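Asker: Under numbering that gives the first Met the number 0, the sequence shown has 225 at position 226, and the numbering climbs by one with no breaks.
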Amino acid sequence: MNKYITTPIYYVNGEAHIGHAYTTFIADTVARYERLKGNKTYFLTGTDEHGQKIEESAKKNSKPIQEFADEISATFKNLWDELNISYSKFIRTTDEDHMVGVKKAFEVMYNKGDIYKDFYEGHYCVSCETFFPETQLIDGEFCPDCGRTTNVVKEESYFFRLSNYEDKLLKYYEDNPDFVLPCSRINEVKNFVKSGLRDLSVTRTSFTWGVKLPDFMGDDKHVMYVWLDALMNYITALGYGKDEENMEFWPASTQFVGKDILRFHAIYWPAFLMSLDLPLPKHIGVHGWWTRDGEKMSKSKGNVVAPKDVADTYGAENLRYFMLREVPFGQDGDFSQRALIDRINSELSNDLGNLLNRIIGMSGKYSDFLIDSIDVQKYHSKEIESMNKIIDSLDGFMQNLQIHRYLEELWKLFSLGNGVIQEFEPWVKMKEDKKDEALATVALVANILAKAAIMLSPAMPKTTAIIADTLNFEINNESYIELICNKKLLKLFNIKKTEPLFPRIDEPLMPEAPLQEPNKDESNKEKKEDDGLIEIGQFFETSLKVGTIIEAEIVPKSSKLLKLQVDLGEDKLRQVVAGIRKSYSVEDLIGTQACVVANLKPAKLMGMLSEGMLLAAKDDEGLSLIRPERPKKAGTPIG
Ligand code: MSP
0 MNKYITTPIY YVNGEAHIGH AYTTFIADTV ARYERLKGNK TYFLTGTDEH GQKIEESAKK
60 NSKPIQEFAD EISATFKNLW DELNISYSKF IRTTDEDHMV GVKKAFEVMY NKGDIYKDFY
120 EGHYCVSCET FFPETQLIDG EFCPDCGRTT NVVKEESYFF RLSNYEDKLL KYYEDNPDFV
180 LPCSRINEVK NFVKSGLRDL SVTRTSFTWG VKLPDFMGDD KHVMYVWLDA LMNYITALGY
240 GKDEENMEFW PASTQFVGKD ILRFHAIYWP AFLMSLDLPL PKHIGVHGWW TRDGEKMSKS
300 KGNVVAPKDV ADTYGAENLR YFMLREVPFG QDGDFSQRAL IDRINSELSN DLGNLLNRII
360 GMSGKYSDFL IDSIDVQKYH SKEIESMNKI IDSLDGFMQN LQIHRYLEEL WKLFSLGNGV
420 IQEFEPWVKM KEDKKDEALA TVALVANILA KAAIMLSPAM PKTTAIIADT LNFEINNESY
480 IELICNKKLL KLFNIKKTEP LFPRIDEPLM PEAPLQEPNK DESNKEKKED DGLIEIGQFF
540 ETSLKVGTII EAEIVPKSSK LLKLQVDLGE DKLRQVVAGI RKSYSVEDLI GTQACVVANL
600 KPAKLMGMLS EGMLLAAKDD EGLSLIRPER PKKAGTPIG
């Protein structure tokens, strides 16, 4: 069967963060799962490069637009390559083939009578690339979606007869209750449609960075609305309007989107497709929003999590596992190093890693790493049944995109494996001279792990390939059919010694996110995000002071942290927990001075309160504290 999985295409106005990585991880996992099952699968991702927002970002960066788009698009592509994303095609909306396809689609809709010319007068949010009627604006001025200032636009425009599709869309939602997953999300879509659809302005004349109208229209002034251009990527990638080479994959099986762009995918996109007489995607999978340490990520707060940094530090597949498992699909999630470390230590290291190590250890000790499954059925028919039951339940979760549940259930296999070892104590059987029984238990557990590795492979392809190699088999559609569908056992294991896959992690390996008071002035905050610059007043919101380090002590079990008592000229000393142990000894510090951020919200590090932060410069050679050139009174302000 053909399967077609897509991610949204990412705007090239900034580099990828973990929110983008999340959509891509989910889509990649589902695509790999379909391939494992033997389905012919096409997986699309790419970048969205037209529109006023990109034009403005390029200008701010003083770069020609195409060059700017090329650079950022490449960072996405490289990142996905580094994160082992198995896309079939990486589309760019500046690709010639895409633009040809968009023009063709426009022509078809126009010839159908769905596009007409008129005047548009309204409010436009450049950031969301969306028009809003005045009634929807906040305080008559601000975008209801992102809070930024909107611009009043009056221009000639072509319109798409969206209003004609109101009833058809509502009927489609009724007939296909699982069109949007999780199903609960369809209500907001229905309500939006029921409140009345206005025709959609689908061209612009106020800027030029976009796809031109088809030549036959002879109207050079207009470029296409970026969302029309962008949504079409899902079919132009398959050759729509050109060679149609891969149109056999249409309609898409699942199109993944974040909740913020559901409306575009569940209303505009189906309406465009209806106009093009093309079938609608089977599912729109909607995921929630990621925050960091409970706060919205933004460039100005400096708390954006770069997926590459986390992947390089903690392992790409560990991050991927964490994100897939941490959040029920559809709900919002929070990234924190603590939560990531906890999952690595408990689920990956304890449950999965331990099981593999125990198999390696026991097989080596009892039978020179060679284990066969001859007696498994005889001694463990009940456990085999439990194993099969867990495995049988998994597909349903994946089909409903409940990937967190899929992983949760899958983990029951590791509990089963570890439990079996505990219960049957092969080491006791060996002492009692019941080697057959002991080896049957080891073989059972090796089979449990082999099957679990197959089912885990879509989420952790590289890690499970190592596990399979350790057990001496390969994960592919053949082994899936034999071991999962036909429920066979692997006849013989020739087990290899492998280094532990998930070393335990004791403390955060990356600097913590700076903790800040949320900025009260929303519009100002958003302005900062756009150009990365701050006002002088914003700088002075940070209180920097000279501090004298009075006491310093080592934090047990931490190779990085020191606990300091710092005099900031206040009644009481401040406790500051700083990650500087690798560069400074206790003796180095006592009596010296440093620059301290004095108005940070207190935070806990390894259970200890930290009431400030020391400024330091960091490079490959380590940290160097920033200090006043000449000694100053404790508490002297810096600025
Ligand atoms: N270019 C449009 C999509 C066009 S698809 C035809 C766009 N791009 S985006 O780069 O702004 O966002 C791409 C995806 O990333 C969206 O699905 C969005 O929901 C997701 N995320 C962006 N920030 C996110 C989080 N903080 N958390 C989770 N996902 C987030 O919209």
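The C-beta atom is built at its ideal place from N, Cα and C for all residues, glycine as well. Small disclaimer: the values here were computed from a predicted structure and weren't measured.
Would DSSP call L715 helix, strand or coil?
Answerer: For the chain, the structure presents residues 0 to 638; residue 715 sits outside this window and is missing.
Asker: For ligand 1, is there a heavy atom less than 6 Å away from the beta-carbon of I260?
Answerer: Within the sequence shown, the letter at position 261 stands for residue 260. Yes; taking the cut-off as 6 Å, the Cβ of I260 has a heavy atom of ligand 1 nearer than that.
Asker: Looking only at C-alpha atoms, which of K428, R319, S335 sits nearest to I402?
Answerer: Here residue 402 corresponds to residue number 403 of the sequence shown, with the count starting at 1. When each option's Cα is compared against that of I402, the closest is R319.
Asker: Just grab the DSSP bridge partners of F423 for me.
Answerer: Residue mapping note: residue 423 aligns to position 424 of the sequence shown, counting from 1. DSSP, once it has assigned bridges, lists no residue as partnering F423.
Asker: Among V441, V256, I373, P7, which one has its Cα closest to the Cα of T44?
Answerer: Here residue 44 refers to the residue found at position 45 of the sequence shown. Cα-wise, what sits closest to T44 is P7.
Asker: Just to confirm, are A452 and A467 a CB contact at a threshold of 7 Å?
Answerer: Taking the first residue of the sequence shown as 1, we reach residue 452 at position 453. Taking the first residue of the sequence shown as 1, we reach residue 467 at position 468. In this structure, A467 lies closer than 7 Å to A452 by Cβ.
Asker: Taking the alpha helix (DSSP H) that R184 belongs to, which residues open and close that run?
Answerer: Indexing the sequence shown from 1 puts residue 184 at position 185. Where R184 is concerned, there is no enclosing alpha helix (DSSP H), given that its DSSP letter is neither H nor E.
Asker: Taking only runs that begin and end inside the region 10 to 59, name each unbroken beta strand (DSSP E) of 3 or more residues, in chain order.
Answerer: The region 10 to 59 contains these whole beta strand (DSSP E) runs: 39 to 47.
Asker: Where does S558 land, buried or exposed, given buried means 16+ other C-beta within 10 angstroms?
Answerer: Here residue 558 is taken as the residue at index 559 of the sequence shown, counted from 1. The residue is exposed, with fewer than 16 neighbouring Cβ atoms inside 10 Å.
Asker: If we ignore side chains and look at the alpha-carbon of each, how far apart do E525 and F141 end up?
Answerer: Looking up residue 525 in the sequence shown gives position 526. Looking up residue 141 in the sequence shown gives position 142. Residue confidence for E525 is low, a pLDDT of 38 falling below 50, so the modelled location carries little weight; the figure read from the coordinates is stated next. When rounded, the distance between both Cα atoms is 12 Å.
Asker: Closer than 6 Å: is that where the CB of T22 sits relative to any heavy atom of ligand 1?
Answerer: Residue numbering aside, residue 22 sits at position 23 when the sequence shown is read from its first letter. T22: yes, Cβ under 6 Å from ligand 1.
Asker: Measure the alpha-carbon distance for K519 versus A633 and round it to whole angstroms.
Answerer: Taking the first residue of the sequence shown as 1, we reach residue 519 at position 520. Taking the first residue of the sequence shown as 1, we reach residue 633 at position 634. Residue placement at K519 cannot be trusted, given a pLDDT of 39 that sits under 50; the coordinates are not used to answer.
Asker: Quick check for students: name the residue ranges of the alpha helix (DSSP H) that lie wholly in the region 123 to 191, counting only runs of 4 or more.
Answerer: You should have 165 to 174.
Asker: With a threshold of 8 Å, are at least 3 pairs of Cβ atoms found where one atom belongs to the region 547 to 554 and the other to the region 572 to 586?
Answerer: Counting Cβ pairs under 8 Å, three or more are found: they touch.
Asker: How long is the line joining the alpha carbons of S252 and I4, rounded to whole angstroms?
Answerer: What you label residue 252 is simply residue 253 of the sequence shown in a count that begins at 1. What you label residue 4 is simply residue 5 of the sequence shown in a count that begins at 1. Each residue's alpha carbon lies about 6 Å from the other.
Asker: Less than 6 Å between the CB of D47 and some heavy atom of ligand 1, yes or no?
Answerer: Looking up residue 47 in the sequence shown gives position 48. D47 Cβ: within cutoff of ligand 1.
Asker: For P250, is the beta carbon positioned less than 6 Å from some heavy atom of ligand 1?
Answerer: The sequence position of residue 250 within the sequence shown is 251, counting from 1. No, ligand 1 has no heavy atom inside 6 Å of this Cβ.
Asker: Which parts of the region 454 to 518 are runs of the beta strand (DSSP E), unbroken and 3 residues or longer, counting only runs that do not cross its ends?
Answerer: Entirely contained in the region 454 to 518, the beta strand (DSSP E) runs reaching 3 residues are, in chain order, 491 to 493.
Asker: Is H264 helix, strand or coil by DSSP?
Answerer: Taking the first residue of the sequence shown as position 1, residue 264 is located at position 265. It is helical.
Asker: When DSSP labels each residue in this structure, what does P636 get in the three-state scheme?
Answerer: Taking the first residue of the sequence shown as 1, we reach residue 636 at position 637. Strand at P636.
Asker: Do the region 253 to 266 and the region 297 to 310 touch if we need at least three Cβ pairs shorter than 8 Å?
Answerer: Result no; under three Cβ-Cβ pairs closer than 8 Å.
Asker: With distances taken between CB atoms, is the gap from A20 to E48 smaller than 7 Å?
Answerer: Within the sequence shown, residue 20 is the residue found at index 21, counting from 1. Within the sequence shown, residue 48 is the residue found at index 49, counting from 1. The answer is no: Cβ separation not under 7 Å.
Asker: Quick check on the DSSP output: the alpha helix (DSSP H) that includes Y313 runs from which residue to which?
Answerer: By one-based count along the sequence shown, residue 313 stands at place 314. Where Y313 is concerned, the enclosing alpha helix (DSSP H) stretches over 306 to 313.
Asker: In the structure shown, what three-state DSSP assignment does L412 receive?
Answerer: Translated into positions along the sequence shown, residue 412 becomes position 413. In the structure shown, L412 sits in a helix (DSSP, three-state: H, G or I).
Asker: Sorry if obvious, but does the Cβ on V256 come closer than 6 Å to a heavy atom of ligand 1?
Answerer: As a first step, residue 256 must be located in the sequence shown, where it is residue number 257. Within the cutoff, so yes.
Asker: Could you check whether the Cβ of G18 sits closer than 6 Å to any heavy atom belonging to ligand 1?
Answerer: Walking along the sequence shown from the start, residue 18 turns up at place 19. Yes, ligand 1 has a heavy atom inside 6 Å of this Cβ.
Asker: Pull up the distance between the alpha-carbon of P517 and that of L604, whole angstroms please.
Answerer: As a working mapping, residue 517 is identified with position 518 in the sequence shown. As a working mapping, residue 604 is identified with position 605 in the sequence shown. For P517, the pLDDT reaches just 42, beneath the cut-off of 50, and the residue's location in the model is therefore unreliable, although a value from the coordinates is still provided. Going by the C-alpha atoms only, they are around 21 Å apart.
Asker: Rounded to the nearest angstrom, what separates W426 and S183 at their Cα positions?
Answerer: Working through the sequence shown from its first residue, we reach residue 426 at position 427. Working through the sequence shown from its first residue, we reach residue 183 at position 184. So the two alpha carbons sit approximately 51 Å from each other.
Asker: In angstroms, rounded to a whole number, what distance separates the CA positions of L614 and I504?
Answerer: On the sequence shown, position 615 is the one that residue 614 refers to. On the sequence shown, position 505 is the one that residue 504 refers to. Roughly 26 Å separates the two Cα atoms.
Asker: Given this structure, state the Cα-to-Cα distance separating N523 from I17, to the nearest angstrom.
Answerer: To locate residue 523, count along the sequence shown from 1; it is residue 524. To locate residue 17, count along the sequence shown from 1; it is residue 18. Note on N523: pLDDT 40, under 50, position unreliable in the model; no value is reported.
Asker: What separation, rounded to the nearest whole angstrom, lies between the Cα atoms of A57 and K450?
Answerer: Along the sequence shown, read from residue 1 onward, the residue named residue 57 stands at position 58. Along the sequence shown, read from residue 1 onward, the residue named residue 450 stands at position 451. For A57 and K450, the distance between alpha carbons rounds to 50 Å.
Asker: For N399, which of helix, strand or coil comes out of DSSP?
Answerer: Looking up residue 399 in the sequence shown gives position 400. If DSSP states are grouped into helix, strand and coil, N399 belongs with coil.
Asker: Three or more C-beta pairs under 8 Å: does that hold for the region 332 to 348 against the region 32 to 39?
Answerer: With the cut-off at 8 Å, the region 332 to 348 and the region 32 to 39 do not touch.
Asker: Where does L237 fall in DSSP's three states?
Answerer: Here residue 237 is taken as the residue at index 238 of the sequence shown, counted from 1. Coil, per DSSP.
Asker: Just to confirm before moving on: does the CB-CB distance between K562 and V576 stay below 7 Å?
Answerer: Mapped onto the sequence shown, residue 562 falls at position 563. Mapped onto the sequence shown, residue 576 falls at position 577. Going by C-beta atoms, K562 is nearer than 7 Å to V576.
Asker: Could you tell me which of K571, S609, T635, N493 sits nearest to Q592, measuring between CA atoms?
Answerer: Counted from its first residue, the sequence shown places residue 592 at position 593. For the residues K571, S609, T635, N493, the minimum Cα distance to Q592 belongs to T635.
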